[in-house]
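Colleague: Quick one: this structure, given as structure tokens, is what I'll be asking you about.
Number of protein chains: 2
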Amino acid sequence: MTTSSTISIQEVSLKHLRVACSSCSLKELCLPLGLSGEEMTQLDSLISQRMRIKKGEHLYSAGDPMASLYAVRLGFFKMSVVSEDGREQVTGFQMAGELLGMDAISNDTHTCSAIALEDSEVCEIPFAELEQLSRSIPSLQHNFYKVLSREIVRDHGVMMLLGNMKAEERLAAFLINLSQRFALRGYSSKNFILRMTREEIGSYLGLKLETISRSFSKFQDQGFIRVSNKEVEILDLEALKALLAGCPEK
Amino acid sequence: MTTSSTISIQEVSLKHLRVACSSCSLKELCLPLGLSGEEMTQLDSLISQRMRIKKGEHLYSAGDPMASLYAVRLGFFKMSVVSEDGREQVTGFQMAGELLGMDAISNDTHTCSAIALEDSEVCEIPFAELEQLSRSIPSLQHNFYKVLSREIVRDHGVMMLLGNMKAEERLAAFLINLSQRFALRGYSSKNFILRMTREEIGSYLGLKLETISRSFSKFQDQGFIRVSNKEVEILDLEALKALLAGCPEK
DNA sequence: CGGTTCGTTGAAACCAATCAATCCTCGTGG
DNA sequence: CCACGAGGATTGATTGGTTTCAACGAACCG
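Going down the list, the sequences are from chains L and X. This note's numbering numbers the first residue of the first sequence as 217 and each following residue consecutively. This note's numbering numbers the first residue of the second sequence as 217 and each following residue consecutively.
And the structure:
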């Protein structure tokens, strides 16, 4: 079930305030990277609309047919898959400039659900048209291959995390990753708001929410961070990184 | 360090016994899926050579520059990444018809090492040429997007496994997956040889080798499988599947 | 045929899950 | 505006599954 009916009003009102890729602050992080002015205009014409997704709403759900990919303009999403027996696994958190829905290309069907963790905005990118346009714009095709490949590399990083690391190492890796991504987008790398619950962090990291809570408390006791509910302040980034590097003498 | 010096002799001897995609038994599983005769000939001309990789040799290593992707013709590979502090994570096992090196597109550099677990044979696919050809053959481009996307979906499955499942569930999932992939290639789905060690299975599944060994023994005691070293016989596939489906009443 | 790698099994230690109680926060409606 | 309820977070006690440590046996390779 998509939420298309819920958002149709905004769709209309947004049609004429479309922001073109060429003037988008995220173009360096997103698909248009490295395109010429002319090429970017062609890409612009392909982005049919911008959509607003309210906190808690599904942009799409697992099982939905896939017609478009989405680029996050603003906000924060979680992606999750559910196994046959009902277990949920959060596969990632996506923020501005990141693409959603790439898993769906394999079967023209979404395999994940994309849920907004705050009021968000995405650009809809019709996939068939992207595919066609990428044939005439080599650097667009190349960028898109890279985006797909980068997702694979990211997934391998998560496997490393889930397969080899202890609870506190996982959480440290998670915080460092978030911090870097915020920095890349011009936000503070030291102070940020967690848009997800402890349970969602736990699902992503293969841990229970109580373990996340305890690890946060421990980091705070050690003076690595300050946490107050969803606010996080990183006080000692090096200490967190040291946790990851393994004990120096091991 | 690549192993190119080791295999140069075979390369030469193989040049004239190249098997074209069009006559390859794996074409239904591999990139050429759905291409016309004419298109397949073009793809053929791109596959510069076949290479033999001996058991234990690296097809490529993490950090190597990426110029080509590889399609497994024959044999069995493991892919692994190593973290800064030296921990190894096996990210997958690849068999005939599967593509290697897709993670490397993101940076033109391999992020995994590909190691042959038995004497193997791969087709080398120069990436730049594949990219160019895929612009003129829409279904090739589409296939390649799908292959990349399928890899992402597969990785999500591994995350589910690592994040949510207990040791025996993971091993059951692993055996079922292997069984299905062998069947797809015309091999027995009930009897097969594990090409990897217990330690490598453990690394893939986020477990220690002793845990793998114990789980194998337990499955055998329960009559689900018969294991003798690397030989596996699946006696009760349904029982293994039931393990995954979660407790019936949960 | 000897050595090394791989696999199995047992006992103990440990880390995270589970169970449980309490508190906090936020959104909602009276 | 405050009270209420529900969901989210914290913390403690206990359990349990997996790792670790250890020893031994089997298989494989040169």
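Where is the CB? At the ideal position from N, CA and C, for every residue including glycine.
With DSSP as the reference, please indicate the residues paired to X/K294 in a beta bridge.
Modeller: Taking the first residue of the second sequence as position 1, residue 294 of chain X is located at position 78. The partner list for X/K294 (beta bridge, DSSP) reads X/F309 and X/I331.
Colleague: Less than 7 Å between C-beta atoms, sequence neighbours within five positions excluded: which residues of the same chain meet that for L/L290?
Modeller: Numbered from its first residue, the first sequence carries residue 290 of chain L at position 74. Cβ neighbours of L/L290 beyond the five flanking positions: A312, S336 and E337.
Colleague: Take the Cβ of X/P248 as the centre, count every other Cβ of all protein chains shown within 10 Å, and call the residue buried at 16 or more, exposed below.
Modeller: Position 32 of the second sequence holds residue 248 of chain X. Buried: at least 16 other Cβ atoms inside 10 Å.
Colleague: Taking Cβ-Cβ distances shorter than 9 Å, what residues in chain L pair up with X/Q357?
Modeller: Counting from 1 along the second sequence, the entry for residue 357 of chain X is found at position 141. The answer, in chain order, is E347, S350, R351 and Q357.
Colleague: Taking L/L251 as the reference, which of L/K424, L/N359, L/I417 and L/F309 has the closest Cα?
Modeller: Reading the first sequence from its first residue, position 35 is the one you call residue 251 of chain L. L/L251 has its Cα closest to that of L/N359, out of L/K424, L/N359, L/I417 and L/F309.
Colleague: Do you know whose CA, among X/M295, X/S419, X/C246 and X/I368, lies nearest X/A383's CA?
Modeller: By one-based count along the second sequence, residue 383 of chain X stands at place 167. Of the listed residues, the one whose Cα sits closest to X/A383 is X/S419.
Colleague: Tell me the DSSP bridge mates of X/Q265?
Modeller: Against the second sequence, residue 265 of chain X aligns to sequence position 49. The partner list for X/Q265 (beta bridge, DSSP) reads X/E340.
Colleague: Please list the terminal residues of the continuous beta strand (DSSP E) segment that includes X/V235.
Modeller: Start at 1 with the first residue of the second sequence, and residue 235 of chain X comes out as number 19. It is not in any beta strand (DSSP E) - X/V235 carries neither H nor E in the DSSP assignment.
Colleague: Select from L/E447, L/E385, L/F292 and L/P281 the residue whose C-alpha is nearest the C-alpha of L/N407.
Modeller: As a working note, residue 407 of chain L is residue 191 in the first sequence. Out of L/E447, L/E385, L/F292 and L/P281, L/E447 has the C-alpha closest to the C-alpha of L/N407.
Colleague: If you count every other CB in all the chains shown that lies within 10 Å of the CB of L/N493, and 16 or more means buried, which is it?
Modeller: Not covered by the structure: residue 493 of chain L. The range shown for chain L is 217 to 466.
Colleague: Checking contacts by CB at 8 Å: is L/Q305 closer than that to chain X?
Modeller: In the first sequence, the residue the question calls residue 305 of chain L occupies position 89. Interface residue, yes.
Colleague: Check the DSSP bridge columns for X/I409 and list the partner residues they point to.
Modeller: Stepping through the second sequence from its first residue, residue 409 of chain X is reached at position 193. The partner list for X/I409 (beta bridge, DSSP) reads X/E447.
Colleague: Rounded to whole angstroms, how far is the Cβ of X/F343 from the Cβ of X/M267, which I believe are closer than 8 Å?
Modeller: The count along the second sequence starts at 1 and reaches residue 343 of chain X at position 127. The count along the second sequence starts at 1 and reaches residue 267 of chain X at position 51. Their Cβ separation, rounded to whole angstroms, is 15 Å, which puts X/F343 and X/M267 out of contact at 8 Å.
Colleague: Using only the alpha-carbon positions, how far apart do X/A236 and L/R414 sit?
Modeller: Locating residue 236 of chain X in the second sequence gives position 20, where the first residue counts as 1. Locating residue 414 of chain L in the first sequence gives position 198, where the first residue counts as 1. Between X/A236 and L/R414, the C-alpha separation is close to 53 Å.
Colleague: Among the residues of its own chain, which have a CB less than 6 Å from the CB of L/V443, if the five just before and after it don't count?
Modeller: Working through the first sequence from its first residue, we reach residue 443 of chain L at position 227. Hits under 6 Å: F432 and Q436.
Colleague: Going by Cα to Cα distance, which pick from L/D260, L/R430 and L/G439 is closest to L/R386?
Modeller: For this step, residue 386 of chain L is matched to residue 170 along the first sequence. L/R386 has its Cα closest to that of L/R430, out of L/D260, L/R430 and L/G439.
Colleague: Look up L/P354 in the DSSP assignment and say whether it is helix, strand or coil.
Modeller: Position 138 of the first sequence, counted from the start, is the residue given in the question as residue 354 of chain L. Correct three-state label for L/P354: helix.
Colleague: X/L275 touches chain L at which residues, Cβ-Cβ below 8 Å?
Modeller: Taking the second sequence and counting its residues from 1, one reaches residue 275 of chain X at position 59. By Cβ distance, chain L contributes nothing, its closest Cβ being about 17 Å from X/L275, past 8 Å.
Colleague: Would you mind reading off the limits of the alpha helix (DSSP H) that contains X/L391?
Modeller: The residue labelled residue 391 of chain X in the question sits at position 175 within the second sequence. Residues A383 to L400.
Colleague: Do the region 345-352 of chain X and the region 393-401 of chain X meet, that is, are 3 or more Cβ pairs less than 8 Å apart?
Modeller: Touching, no.
Colleague: For X/H274, which three-state DSSP category applies?
Modeller: The residue you call residue 274 of chain X lines up with position 58 of the second sequence. Note: X/H274 maps to strand in three-state DSSP.
Colleague: Given a cut-off of 8 Å, decide if X/A278 and X/V298 are closer than it, judged by their beta-carbon atoms.
Modeller: The count along the second sequence starts at 1 and reaches residue 298 of chain X at position 82. The count along the second sequence starts at 1 and reaches residue 278 of chain X at position 62. It is a contact, given that the beta carbons lie within the stated cut-off.
Colleague: List the DSSP bridge partners of X/P281.
Modeller: As a first step, residue 281 of chain X must be located in the second sequence, where it is residue number 65. X/P281 is bridged to X/T325.
Colleague: Taking 8 Å as the threshold (beta carbon to beta carbon), is L/R288 in contact with chain X?
Modeller: In the first sequence, the residue the question calls residue 288 of chain L occupies position 72. The sequence as given places Val at residue 288 of chain L; Arg does not occur at that position. With 8 Å as the cut-off, L/V288 does not count as an interface residue toward chain X.
Colleague: Are the C-beta of L/I321 and some C-beta of chain X separated by less than 8 Å?
Modeller: What you label residue 321 of chain L is simply residue 105 of the first sequence in a count that begins at 1. Answer yes: the Cβ-Cβ gap between L/I321 and chain X drops below 8 Å somewhere.
Colleague: Output, in sequence order along the chain, the residues in the region 383-407 of chain L whose CB is closer than 8 Å to any CB in chain X.
Modeller: From the region 383-407 of chain L, no residue has a Cβ closer than 8 Å to chain X.
Colleague: In chain order, what residues of the same chain have a beta carbon less than 7 Å from the beta carbon of X/I409, not counting five sequence neighbours either side?
Modeller: Within the second sequence, numbered from 1, the residue matching residue 409 of chain X stands at position 193. Once the five neighbours on either side are set aside, the close Cβ partners of X/I409 are K446 and E447.
Colleague: Any C-beta of chain X within less than 7 Å: which residues of the region 360-379 of chain L qualify?
Modeller: Residues passing the 7 Å Cβ filter: Y361, K362, L364, S365, R366, E367, I368, V369, D371, H372, V374, M375, M376, L378 and G379.
Colleague: Since X/A414 is in the alpha helix (DSSP H), which residue starts that stretch and which ends it?
Modeller: The residue labelled residue 414 of chain X in the question sits at position 198 within the second sequence. In the sequence as presented, Ala is not what sits at residue 414 of chain X; that position holds Arg. Counting along the chain, the alpha helix (DSSP H) containing X/R414 begins and ends at R414 to L421.
Colleague: Give a yes or no on whether the minimum CB-CB distance between L/T257 and chain X is below 8 Å.
Modeller: As a first step, residue 257 of chain L must be located in the first sequence, where it is residue number 41. No, because no Cβ of chain X sits closer than 8 Å to the Cβ of L/T257.
Colleague: Compare the C-beta of L/E300 with all C-beta atoms of chain X and state if any pair is closer than 8 Å.
Modeller: For the purposes of this step, residue 300 of chain L is identified with residue 84 of the first sequence, where counting begins at 1. So, interface residue.
Colleague: Any beta carbon from chain X within less than 8 Å of L/M318's own beta carbon?
Modeller: For the purposes of this step, residue 318 of chain L is taken as residue 102 along the first sequence, with counting starting at 1. So yes, L/M318 belongs to the interface.
Colleague: Have a look at L/E244 and X/L377 and give me their C-alpha separation to the nearest angstrom.
Modeller: Here residue 244 of chain L refers to the residue found at position 28 when the first sequence is read from its first residue. Here residue 377 of chain X refers to the residue found at position 161 when the second sequence is read from its first residue. Looking at the two C-alpha atoms, the distance is approximately 34 Å.
Colleague: Exposed or buried, which one is L/D452 when buried takes at least 16 other CB atoms within 10 Å?
Modeller: Within the first sequence, the letter at position 236 stands for residue 452 of chain L. So L/D452 counts as exposed.
Colleague: How big is the Cα-Cα spacing for L/V306 and L/L425?
Modeller: Here residue 306 of chain L refers to the residue found at position 90 of the first sequence. Here residue 425 of chain L refers to the residue found at position 209 of the first sequence. So the two alpha carbons sit approximately 13 Å from each other.
Colleague: Could you check how far apart the C-beta atoms of X/L315 and X/A332 are, in whole angstroms? I think they sit under 8 Å.
Modeller: The sequence position of residue 315 of chain X within the second sequence is 99, counting from 1. The sequence position of residue 332 of chain X within the second sequence is 116, counting from 1. The pair is not a contact, with the Cβ atoms about 15 Å apart (cut-off 8 Å).
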